[in-house]
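Read the structure below first, then the notes.
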Amino acid sequence: MNSKMKVVKTTSENPDFIALITALDKSLWESYPELKSNYWGNNIIELNPNVVVIYLDEKPVACGCFKKYDKNTMEIKRMFVSPEARGLGLAKKILQELELWAQELGFSFSVLETLYNQKEAISLYQKVGYAIVDNYEPYVGQENSICMKKEIGRMNN
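Counted the way our numbering counts, the sequence shown spans residues 10 to 166.
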């Protein structure tokens, strides 16, 4: 790959992040039109200071963020790699960046939710150490959701 990659830590107000998650939502609703009403409320991004955007040759192509879930746990949200940049290891790179950042902030665990048909995503998460767990709130009872968890650091107690 001869592209120049740049990883940027930013916030949810970043226009490139907003453009990427708009594309993510569009692809999700095309793939899962029946779920739009059930999941829409879970995908609203309040102001989030923990966002990563990856650029290839100055073009934003991938993103992800995390938010606090509880005292020791952060939740990965809004993972997306644009179609033209898939297969380059960018999703794994985003996860690594987010997990490292969360460790620096004192989190010991990472959780995430994905949809049952996101086979590539589920496979990637399992390869990097996530295990499927019982659905956590707000996904309890949502049979289309797959929830996963990983230990990312040691607690400082």
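Glycine is no exception: its CB is placed at the ideal position from the N, C-alpha and C atoms. Computed from a predicted model, the values in this text were never measured in an experiment.
Consider the C-beta atom of residue 128 and the heavy atoms of the ligand FMN; say whether any pair is separated by less than 6 Å. The ligand FMN is absent from the structure shown, which contains no ligands of any kind.
Do the segment 66-78 and the segment 149-156 touch if we need at least three Cβ pairs shorter than 8 Å? Touching, no, given that fewer than three Cβ pairs across the two stretches are closer than 8 Å.
Excluding the five sequence neighbours on either side, which residues of its own chain have a C-beta within less than 6 Å of the C-beta of residue 15, listed in chain order? So the qualifying residues of the chain are 64.
Could you tell me whether the segment 75-84 touches the segment 33-40, where touching means 3 or more Cβ pairs closer than 8 Å? no
Decide if the segment 96-103 is in contact with the segment 116-126; the criterion is three or more beta carbon pairs, one per stretch, under 8 Å apart. no
What are the boundary residues of the alpha helix (DSSP H) that residue 91 is part of? It is not in any alpha helix (DSSP H) - residue 91 carries neither H nor E in the DSSP assignment.
Of all the options 105, 118, 13, 116, which has the alpha carbon lying nearest to the alpha carbon of residue 67? 13
Give the DSSP-derived three-state secondary structure of residue 119 in the structure shown. strand
Bounding residues of the beta strand (DSSP E) (the contiguous stretch that carries residue 15): 14-19
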